[in-house]
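Accompanying notes for the structure given below.
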Ligand code: AMP
């Protein structure tokens, strides 16, 4: 497995692979790799001849400095996990290689970034679109894979790649969950043992919403009320928002007719978790 830390070295390798006729996939991550990231790698290995994982904790997308400082960075474990998973190259640039002191160019997302997570995390999506553009520029892939766990992020990246003619195929991968249902996340390791137990309420609430939909409920207010009442049963949880939106436009819906998704964010102590569930015909998330 190759390890690159500068965009030029990364790009040269990727160009060589593509010139050799190989299809190149990239999986952008912030490290602290877990089963969710490995599912993206697995999906990449199925679709491409060469798989690059990028590992970079992007300061630009953190709106809270405490969250950035406490973000886990187990780089040696991450490199071993990539090696074991069959990754061909890791791109782990330094902060200085990504953002020089002269850095001044940003990618500004549009209205998809103005709702849900956007107003609650000022600058977050601008940080994401900027870093993803840079990572695509350094890795020059045929395709890039992102998790549906970050549903709004995936929609914004799809829009950006279309709007800016980046010519990269974007693949969305379903959410991977822990055995109890909690969505796998690098932030889960920061939960206290009691909060880790209580955090299962998020996926339970989404599953209750999915069941209500399956049983014929089409009122977004009723679906949201189901989520709120379930989360209230867990005193350790503090719900920041729940929304039912159109799965493509992310506009709120009142009646659930076209494909819709329930999204939420909640706090356990100082750890913020997000989760979502596409309302479909299987009744679970
Ligand atoms: P992160 O390292 O949190 O920036 O995540 C890197 C990529 O992994 C993003 O595309 C995430 O959506 C995806 N991801 C994170 N957690 C999960 C999960 N539980 N299931 C599927 N994809 C995930």
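In this note's numbering, the protein residues as written are 1359 to 1643. In this text, a Cβ means the ideal position worked out from N, Cα and C, and glycines have one as well.
In this structure, the straight-line span from the alpha carbon of residue 1565 to that of residue 1476 is close to 25 Å.
The beta carbon of residue 1473 is closer than 7 Å to those of 1608 in its chain, skipping five residues each way along the sequence.
The Cβ neighbour count for residue 1395, taken over all protein chains shown within 10 Å, is at least 16; the residue is labelled buried. Pairwise C-beta distances place the region 1519–1536 out of contact with the region 1409–1421, as fewer than three of them are shorter than 8 Å. The closest CA to that of residue 1511, considering only 1481, 1537, 1496, is found on 1481. Nearest neighbour of residue 1593 by Cα position, chosen from 1529, 1417, 1614, 1558, turns out to be 1558.
Here DSSP, grouped into helix, strand and coil, assigns residue 1527 to strand. If you look at residue 1469, you'll find it isn't in any beta strand (DSSP E); DSSP assigns it neither H nor E. Judged by pairs of C-beta atoms under 8 Å, the region 1386–1402 touches the region 1495–1508, as three or more such pairs exist. Scanning its chain for C-beta atoms nearer than 7 Å, with the 5 sequence neighbours on each side dropped, one finds around residue 1582 the residues 1600, 1602, in chain order. Placement of the Cβ of residue 1507 at a distance of less than 8 Å from at least one heavy atom of the ligand AMP is found. When the five nearest sequence neighbours on each side are left out, the beta carbons in the same chain lying within less than 7 Å of the beta carbon of residue 1542 are those of 1392, 1393, 1394, 1534, 1535, 1536, in order along the chain.
Checking the 8 Å criterion, the Cβ of residue 1480 is out of range of every heavy atom belonging to the ligand AMP. DSSP places residue 1505 inside the beta strand (DSSP E), whose first and last residues are 1501–1505.
A direct Cα-Cα distance of roughly 10 Å separates residue 1556 from residue 1540. Look at residue 1420 here: in three-state DSSP terms it is coil, with no helix or strand label. Of the other Cβ atoms in all chains shown, 16 or more fall within 10 Å of the Cβ of residue 1544; this residue is therefore buried. Residue 1423 and residue 1518 have their alpha carbons spaced roughly 26 Å apart. A straight line joining the alpha-carbon of residue 1632 with that of residue 1532 spans about 14 Å.
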